[in-house]
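Novice: Note that the protein sequences, when read in sequence, are chains A and B.
Just so we're aligned: 270 in the numbering used here is position 201 of the first sequence, and the numbers increase by one with no gaps anywhere.
Just so we're aligned: 252 in the numbering used here is position 183 of the second sequence, and the numbers increase by one with no gaps anywhere.
Glycine residues also receive a C-beta, built at the ideal position from the N, C-alpha and C atoms.
It should be emphasised that the depicted structure is a prediction, and the values quoted were computed from it without experimental measurement.
This is the structure I have questions about; it appears just below.
Protein chains: 2
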Amino acid sequence: MNAPGSTRDRILGAAELLFAQRGFDGASLRQLTATAGVNLAAVNYHFGSKEKLVEEVFRRRLDALNANRMAALAQLGSEHPATLEEVLTAYIRPALELSHDGNGALFMRVLARAFAEHDDTLRRFLSENYGHVMRQFTAEFARLLPQLSKPELYWRIDLVTGALTHAMSGFGMIQRKDDVSEQAHREQTMQHLIRFAAAGLSHP
Amino acid sequence: MNAPGSTRDRILGAAELLFAQRGFDGASLRQLTATAGVNLAAVNYHFGSKEKLVEEVFRRRLDALNANRMAALAQLGSEHPATLEEVLTAYIRPALELSHDGNGALFMRVLARAFAEHDDTLRRFLSENYGHVMRQFTAEFARLLPQLSKPELYWRIDLVTGALTHAMSGFGMIQRKDDVSEQAHREQTMQHLIRFAAAGLSHP
DNA sequence: CGTATGCTCAAACGATCGTTTGAATCGTGC
DNA sequence: GCACGATTCAAACGATCGTTTGAGCATACG
């Protein structure tokens with residue numbers, strides 16, 4: 070059902086590319102199926118409609134991304150109480166790894182677009198399926214920053230979310246020559262993001 | 070040519086509303102002219118094309134917004150060297166006042182969408198017409214934060230820009246009952262944004 | 001009064017959209 | 001080899017898109 074060269078997967082790959090480049094409305098099913106090298110009717114056959122295809126593009130990436138975040142968070146509390154930087158790392162590192170993995174960077178663009186579009190249907194979909202992740206991290210932040218009122222904390226989390234979404238939507242357009250400099254650059258980038266987020270969350 | 074009840078202005082107002090709600094592609098000229106209460110052909114008559122209308126929506130707001138920013142910045146250096154918070158205020162306050170002025174809030178949504186869309190045509194338009202503003206503010210930040218390398222500074226400015234764009238695209242959806250609480254709330258909001266931005270820019 | 005100019009209007013243009021259809025083709029188990 | 005479900009295909013559907021057209025209306029100037 071999900072073989073890497075299957076019609077279904079080629080459609081999802083082309084959808085990620087074209088949704089990132091031209092948006093959900095701007096990318097037509099004819100461009101999309103031509104890019105994927107499949108018949109026009111294949112989208113409605115395999116996914117039912119264009120809107121269901123959009124949901125599947127999100128589900129495929131976000132299932133893994135948020136599972137990685139929860140796993141990283143669960144692994145923290147084992148020995149000592151987690152620090153703010155550690156919790157931020159658990160949130161950011163999975164997204165950053167996705168951003169540097171082939172088509173994953175394209176998906177971060179798609180995600181940033183969806184954020185900016187304020188689409189109620191998609192927001193409800195994200196909230197219902199992945200809301201528990203943000204709730205868990207918010208609880209951790211509240212524990213680590215007890216001096217902040219709840220509105221104040223929500224303000225800062227919202228600002229950090231906006232900064233990270235904006236930043237990661239610009240990644241992955243350049244390919245590095247070897248894995249060493251690639252991995253070094255990723256660690257450096259993550260330090261930027263984590264220190265920025267920590268400063269924005271915890272400033273007096 | 071720009072009378073407040075003119076066909077031209079009614080089109081611009083409806084365009085701001087529908088572009089914010091449904092995006093540039095999603096808002097059709099038929100919905101748009103119906104909302105404005107004008108004939109379908111009026112858009113092409115007054116603006117030439119839909120794309121020119123989009124540019125005019127940006128131009129109308131950004132001319133005033135960036136002029137206010139430059140004026141606020143110029144007014145700073147008169148007596149003593151400006152502080153980081155003052156420079157940030159010069160950048161943020163005009164945008165925040167626009168966000169709380171009727172349809173201005175809708176425009177901030179349009180602006181956030183345009184940022185997320187990574188459209189090259191629009192980016193070039195913004196860079197050519199308003200690039201000098203960002204360059205001026207960047208120079209001020211570089212002066213106030215000499216300990217940061219240039220790449221480091223650009224990183225932080227990009228993150229702050231993302232946070233502010235994301236935050237302000239969510240404003241103005243609620244109307245307050247009186248001008249007093251309205252203005253108090255705006256000042257409080259601006260303090261949030263400025264302190265967050267200052268912390269993100271200047272952390273060690 | 002006549003007419004030129006700026007603007008509005010209903011109607012239509014060709015293009016493109018998402019979706020549906022029914023026949024053709026493929027792959028498997030009997 | 002044959003039947004049957006799964007998949008692919010070319011073709012067409014009605015709807016909607018941005019744009020153009022040419023007639024109609026207004027207002028101001030000689």
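Against chain A, with Cβ distances strictly below 7 angstroms, would B/Gly-173 count as a contact?
Specialist: Translated into the one-based positions of the second sequence, residue 173 of chain B becomes position 104. B/Gly-173 does not count as touching chain A.
Novice: Specify whether the stretch 185-196 of chain B and the stretch 187-201 of chain A touch according to this definition: at least 3 beta carbon pairs, one from each stretch, less than 8 angstroms apart.
Specialist: no
Novice: Please name the residues in the stretch 216-235 of chain B whose beta-carbon is closer than 9 angstroms to at least one beta-carbon of chain A, in chain order.
Specialist: Glu-221, Trp-224, Arg-225, Asp-227, Leu-228, Val-229, Thr-230, Gly-231, Ala-232, Leu-233, Thr-234 and His-235
Novice: If we ignore side chains and look at the alpha-carbon of each, how far apart do B/Glu-34 and B/Asp-78 end up?
Specialist: Within the shown structure, residues of chain B are numbered from 70 to 273, placing residue 34 of chain B beyond reach of any answer.
Novice: How should A/Asn-292 be labelled, buried or exposed, when 16 other C-beta atoms within 10 angstroms of its C-beta is the threshold for buried?
Specialist: Since the first residue of chain A shown is 70 and the last is 273, residue 292 of chain A is not available in this structure.
Novice: Check whether the stretch 245-256 of chain A touches the stretch 250-263 of chain B, taking contact to mean three or more Cβ pairs, one atom from each stretch, closer than 8 angstroms.
Specialist: no
Novice: So is A/Arg-212 buried or exposed if we call it buried at 16+ other beta carbons inside 10 Å?
Specialist: Taking the first sequence and counting its residues from 1, one reaches residue 212 of chain A at position 143. Looking at its Cβ environment, which holds fewer than 16 other Cβ atoms inside 10 Å, A/Arg-212 is exposed.
Novice: Among residues of its own chain, excluding the 5 on either side of B/Arg-138, which ones have a beta-carbon nearer than 7 angstroms to its beta-carbon?
Specialist: As a working note, residue 138 of chain B is residue 69 in the second sequence. Only Ala-159, Tyr-160, Pro-163 and Val-202 meet the Cβ criterion.
Novice: Measure the C-alpha to C-alpha separation of B/Gln-216 and B/Ser-271 and round it to an integer number of angstroms.
Specialist: Along the second sequence, one-based indexing puts residue 216 of chain B at 147. Along the second sequence, one-based indexing puts residue 271 of chain B at 202. One C-alpha to the other measures close to 9 angstroms.
Novice: I'd like to know whether the C-beta of A/Phe-265 is nearer than 7 angstroms to at least one C-beta of chain B.
Specialist: Translated into positions along the first sequence, residue 265 of chain A becomes position 196. Chain B, which has a Cβ nearer than 7 angstroms to the Cβ of A/Phe-265, makes this yes.
Novice: In terms of alpha-carbon separation, which member of A/Gln-100, A/Arg-178 and A/Arg-264 lies closest to A/Thr-234?
Specialist: Locating residue 234 of chain A in the first sequence gives position 165, counting from the first residue. Minimum Cα distance to A/Thr-234 is reached at A/Arg-178.
Novice: Less than 7 angstroms between CB atoms is the rule here; does B/Asp-94 satisfy it with respect to chain A?
Specialist: Position 25 of the second sequence holds residue 94 of chain B. It does: the Cβ of B/Asp-94 has a partner Cβ on chain A nearer than 7 angstroms.
Novice: Can you tell which of A/Gly-74, A/Glu-197 and A/Phe-127 has its C-alpha closest to the C-alpha of A/Ala-84?
Specialist: Sequence index remark: in the first sequence, residue 84 of chain A carries index 15 (1-based). Ranking the options by Cα distance to A/Ala-84, first place goes to A/Phe-127.
Novice: Assuming A/Ala-275 contacts A/Gly-82 under a Cβ cut-off of 8 angstroms, what Cβ separation, rounded to an integer in Å, is found between them?
Specialist: Look at the range of chain A in this structure, 70 to 273, and you will see that residue 275 of chain A is not part of it.
Novice: Does DSSP classify B/Gln-100 as helix, strand or coil?
Specialist: Taking the first residue of the second sequence as 1, we reach residue 100 of chain B at position 31. The answer is helix: DSSP assigns B/Gln-100 an H, G or I state.
Novice: Between which two residues does the alpha helix (DSSP H) carrying A/Glu-197 extend?
Specialist: Residue numbering aside, residue 197 of chain A sits at position 128 when the first sequence is read from its first letter. Per DSSP, A/Glu-197 belongs to the alpha helix (DSSP H) from 189-213.
Novice: In three-state terms, what does DSSP make of B/Ser-250?
Specialist: Position 181 of the second sequence holds residue 250 of chain B. Three-state DSSP puts B/Ser-250 in a helix.
Novice: When you compare only the Cα positions, how much space is there between B/Ser-75 and B/Asp-248?
Specialist: Sequence index remark: in the second sequence, residue 75 of chain B carries index 6 (1-based). Sequence index remark: in the second sequence, residue 248 of chain B carries index 179 (1-based). Roughly 29 angstroms separates the two Cα atoms.
Novice: Using a Cβ-Cβ cut-off of less than 8 angstroms, list which residues of the stretch 169-198 of chain A approach chain B; keep chain order.
Specialist: Arg-178, Ala-181, Arg-182, Phe-184, Ala-185, Glu-186 and His-187
Novice: Just to confirm, is the Cβ distance from B/Phe-116 to B/Leu-122 under 7 angstroms?
Specialist: Start at 1 with the first residue of the second sequence, and residue 116 of chain B comes out as number 47. Start at 1 with the first residue of the second sequence, and residue 122 of chain B comes out as number 53. It is a contact, given that the beta carbons lie within the stated cut-off.
Novice: In chain order, which continuous runs of the alpha helix (DSSP H) of length 4 or greater are located wholly inside the stretch 95-181 of chain B?
Specialist: 98-105, 111-116, 119-143 and 153-168
Novice: List the residues of chain B that A/His-238 touches, going by C-beta distances under 8 angstroms, in chain order.
Specialist: Walking along the first sequence from the start, residue 238 of chain A turns up at place 169. The sequence as given places Ser at residue 238 of chain A; His does not occur at that position. Here the neighbours are Ala-185 and His-187.
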